[in-house]
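2 protein chains.
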Amino acid sequence: MQYTAIKLVKRPTLHITPDLFEVATLETPELEEGEFLLKQTHMSLDPAMKGWMMEDRNSYIPPVELGDIMRSSGVAEVVESRNDKFAVGDRVQGMIGWTEYAVSNGNGLRKLPASIPAEAVLCVLSLPGLTAYQGLMEIGKPKAGETLVVSGAAGSVGSMVGQIAKAEGLRVVGTAGTDEKCRWLEDELGFDKAINYKSDDLARQLKDATPDGVDLYFENTGGPVQHITFGRMNAHGRIIVCGMIADYNTDKPSPGPNWINMIRRRLTITGFAMPDHWDNVPAMSEKLLAYFTAGKLKYRAHKLQGLESAIEGINLLFTGGNTGKLMVEL
Amino acid sequence: MQYTAIKLVKRPTLHITPDLFEVATLETPELEEGEFLLKQTHMSLDPAMKGWMMEDRNSYIPPVELGDIMRSSGVAEVVESRNDKFAVGDRVQGMIGWTEYAVSNGNGLRKLPASIPAEAVLCVLSLPGLTAYQGLMEIGKPKAGETLVVSGAAGSVGSMVGQIAKAEGLRVVGTAGTDEKCRWLEDELGFDKAINYKSDDLARQLKDATPDGVDLYFENTGGPVQHITFGRMNAHGRIIVCGMIADYNTDKPSPGPNWINMIRRRLTITGFAMPDHWDNVPAMSEKLLAYFTAGKLKYRAHKLQGLESAIEGINLLFTGGNTGKLMVEL
Chain A
1 MQYTAIKLVK
11 RPTLHITPDL
21 FEVATLETPE
31 LEEGEFLLKQ
41 THMSLDPAMK
51 GWMMEDRNSY
61 IPPVELGDIM
71 RSSGVAEVVE
81 SRNDKFAVGD
91 RVQGMIGWTE
101 YAVSNGNGLR
111 KLPASIPAEA
121 VLCVLSLPGL
131 TAYQGLMEIG
141 KPKAGETLVV
151 SGAAGSVGSM
161 VGQIAKAEGL
171 RVVGTAGTDE
181 KCRWLEDELG
191 FDKAINYKSD
201 DLARQLKDAT
211 PDGVDLYFEN
221 TGGPVQHITF
231 GRMNAHGRII
241 VCGMIADYNT
251 DKPSPGPNWI
261 NMIRRRLTIT
271 GFAMPDHWDN
281 VPAMSEKLLA
291 YFTAGKLKYR
301 AHKLQGLESA
311 IEGINLLFTG
321 GNTGKLMVEL
Chain B
1 MQYTAIKLVK
11 RPTLHITPDL
21 FEVATLETPE
31 LEEGEFLLKQ
41 THMSLDPAMK
51 GWMMEDRNSY
61 IPPVELGDIM
71 RSSGVAEVVE
81 SRNDKFAVGD
91 RVQGMIGWTE
101 YAVSNGNGLR
111 KLPASIPAEA
121 VLCVLSLPGL
131 TAYQGLMEIG
141 KPKAGETLVV
151 SGAAGSVGSM
161 VGQIAKAEGL
171 RVVGTAGTDE
181 KCRWLEDELG
191 FDKAINYKSD
201 DLARQLKDAT
211 PDGVDLYFEN
221 TGGPVQHITF
231 GRMNAHGRII
241 VCGMIADYNT
251 DKPSPGPNWI
261 NMIRRRLTIT
271 GFAMPDHWDN
281 VPAMSEKLLA
291 YFTAGKLKYR
301 AHKLQGLESA
311 IEGINLLFTG
321 GNTGKLMVEL
């Protein structure tokens, strides 16, 4: 059977452009004993992908090799099987890649309960939810009553961070790039305050929203929110650096704040990336499922249609054009 | 008996100027039961003092109140006593202040063995040694074979950091502001490499001195060393922020590095100040005494003469004019 897959054939310099990719028509192979064939139904698009395309051998995960199918996580259904543990009709989640079909022996895949919608899997139980949980709970170690500021709060990670923090009894202030996103954060997700970072009086609004200062800052964006929030950190504040989306599309990264406040307030700043924490994934998935089942984690999916929509669509992540967790429905 | 003390009567805006102080002539009081009279012999001058003079209520330690004797640590001798535990002739260390004499009930004081020179007490067993140990060992958690860069390496803290790191089997690279200081670090203290940060090819020299990248950065200064070293951090590197002496005398603190490397290398940056760690002082003092007794901690004292020399002399710390741990001999 013929299917389509997308290979990375060139590395981005600054922007992700269509010439980086090659659309290939492939043939599904005969299955060996122990193998099964997956048909992907939902494929996740994440900001981290830009890093995976680049040639930084010192990054947290090796880049995708040129000529290989582009890396991504997704939800798929078993459509043919020579493996006892995976039956036709089973749903799985894993790093499936930019492809309609894939052959697997089960390594690195996780079986999904039938009750969870595929969109929830990609929004809650995949990279966004796991990243939010790892960063906020394992690194930030929040205490009820503390104040959290999260930038990129309407993004796939940020929206999970804020909701987990609310579930844990924190005061939650988020920043986002449109008034509509801010309303969603306040009205639907229960944020205490959401602020449009493009406001003229951003500093004043952030100050008013954090009368007791800031104990935790979850950083997804960089930019002015970083500098203002850094200046409002309380003693022993913790900053978790997860993303710097403001700088992914520039070759002149903007400077960070001066470090003197690190000493005055005895701050800790920690950068992290999920590949260091895969061992913790099963335990975190349990926690996330519990929040989700209790109705505490809402999400918005922004669905593109068809595999090839990923090529242009991924840039929505860097322009802020997506309205929810970006994914491709196949 | 009359004696001299120096009070803080004005807060610094940018520089420490003589008009901030008032030289007072005081009279020693009659001792109450349990009290004793101290004659200070050596008084420490430290960069942290500038922070103690300023009006930042959010800092790690309350500022010195206007009209109070300026805060400092020192070594003193008991010259009169109505306290069973402190006899005339005993030597003590503690926060004695800018004064020739002081009355104490023993609170916060530590008795010193007769065998340790007063200079060693202020260089090794006081703030410099304790700060170095807390930052490097407790926060940095170095492993033998790792590479450390320490800025302000010829300073009172930096020189201790580098020597402790050498004792623990690290590769140690230091930066300092004169060639003479660099020679001292390499020839006397055993640093693997010392670099004059005023060199034209600082970046090249730092690169050559750290062929395997940098695992730990102990920050005392800020400035260009910070930016270059930040860019050379290895995955899971740790940065300990102890001082920013380049910025203490400016009202325009220079920007820090962009945070994207925090994620790519999963770095942790921790700011700290000793007042959070007083509980750990007895244990750390033991360790420091052991290094010192084993001949592993050398020091240079820069001694000023007479209490009033502190008023102008403290600025040597901010111009780099001192050649060793700055102290006043009384």
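From first to last, the protein sequence lines stand for chains A and B. If you read the first sequence in the working numbering, its first letter stands for residue 1, the second for the next number, and so on. If you read the second sequence in the working numbering, its first letter stands for residue 1, the second for the next number, and so on. Just so you know, even glycine gets a beta-carbon here, dropped at the ideal spot from N, CA and C.
CA-CA distance, residue 261 of chain A to residue 79 of chain B, rounds to 42 angstroms. Contact between residue 71 of chain B and residue 97 of chain B holds, with the beta-carbon distance rounding to 6 angstroms and staying under 8 angstroms. Look at residue 256 of chain B: its C-beta is under 8 angstroms from a C-beta on chain A. Cβ-Cβ distances below 6 angstroms link residue 22 of chain A to 7 and 9 in the same chain, with the five nearest sequence neighbours on each side left out; the list follows chain order.
Exclusion of the five residues before and after residue 291 of chain B leaves 164, 167 and 297 as the residues of its chain whose Cβ lies within less than 7 angstroms of its Cβ. Under the Cβ criterion of 8 angstroms, residue 269 of chain B is counted among the residues facing chain A. Relative to the Cα of residue 30 of chain B, the nearest Cα in the group B:109, B:103 and B:155 belongs to B:103. In this structure, DSSP gives residue 125 of chain B a helical state, which the three-state scheme calls helix. Residue 42 of chain B sits in a strand when the DSSP states are folded into three classes. For residue 147 of chain B, the enclosing beta strand (DSSP E) stretches over residues 147 to 150. By the Cβ-count criterion, residue 115 of chain B is exposed, with fewer than 16 other Cβ atoms from all chains shown falling within 10 Å of its own Cβ. Bounds of the alpha helix (DSSP H) holding residue 227 of chain A are 224 to 230.
Its chain contains 153, 154, 159, 162, 174, 176, 191 and 194 as the residues whose beta carbon lies nearer than 8 angstroms to that of residue 185 of chain A, once the 5 sequence neighbours on both sides are disregarded; these appear in chain order.
The beta carbon of residue 262 of chain A falls within 8 angstroms of a beta carbon belonging to chain B, placing the residue at that interface. Counting along the chain, residue 2 of chain B sits inside the beta strand (DSSP E) bounded by residues 2 to 8.
Separation of residue 279 of chain A and residue 60 of chain A (C-alpha to C-alpha, rounded to the nearest whole angstrom) is 15 angstroms.
Looking at the backbone, the Cα of residue 65 of chain A and that of residue 276 of chain A are separated by about 20 angstroms. Taking the beta carbon of residue 223 of chain A as reference, no residue of chain B falls within 8 angstroms; the closest one sits roughly 11 angstroms away.
Three or more Cβ pairs closer than 8 angstroms define a contact, and the stretch 199 to 212 of chain A falls short of that threshold against the stretch 235 to 249 of chain A. In its chain, beyond the 5 residues on either side, 127, 130, 131 and 134 have a beta carbon closer than 7 angstroms to the beta carbon of residue 274 of chain A. Judged by pairs of C-beta atoms under 8 angstroms, the stretch 231 to 242 of chain A touches the stretch 264 to 271 of chain A, as three or more such pairs exist.
Proximity of chain A to residue 273 of chain B at the Cβ level (cut-off 9 angstroms) is accounted for by 263, 264 and 266, in chain order. Exposed is the label assigned to residue 200 of chain B, since fewer than 16 other Cβ atoms lie within 10 Å of its Cβ. Of all residues in the stretch 38 to 56 of chain A, only 51 and 56 place a beta-carbon less than 8 angstroms from a beta-carbon of chain B. For residue 138 of chain A, no Cβ of chain B is located within less than 8 angstroms of the residue's own Cβ.
Annotated as proximal: residue 301 of chain B and residue 119 of chain B, with beta-carbon spacing under 8 angstroms. Put simply, the CB of residue 219 of chain B is near chain A, with a gap under 8 angstroms to one of its CB atoms. Under the DSSP assignment, residue 72 of chain B falls outside any alpha helix (DSSP H); it carries neither an H nor an E label. Among the bridge pairs identified by DSSP, residue 270 of chain A is matched with A:240 and B:268. With contacts defined by Cβ atoms closer than 8 angstroms, residue 214 of chain B and residue 196 of chain B do not form a contacting pair. Among the bridge pairs identified by DSSP, residue 195 of chain A is matched with A:175.
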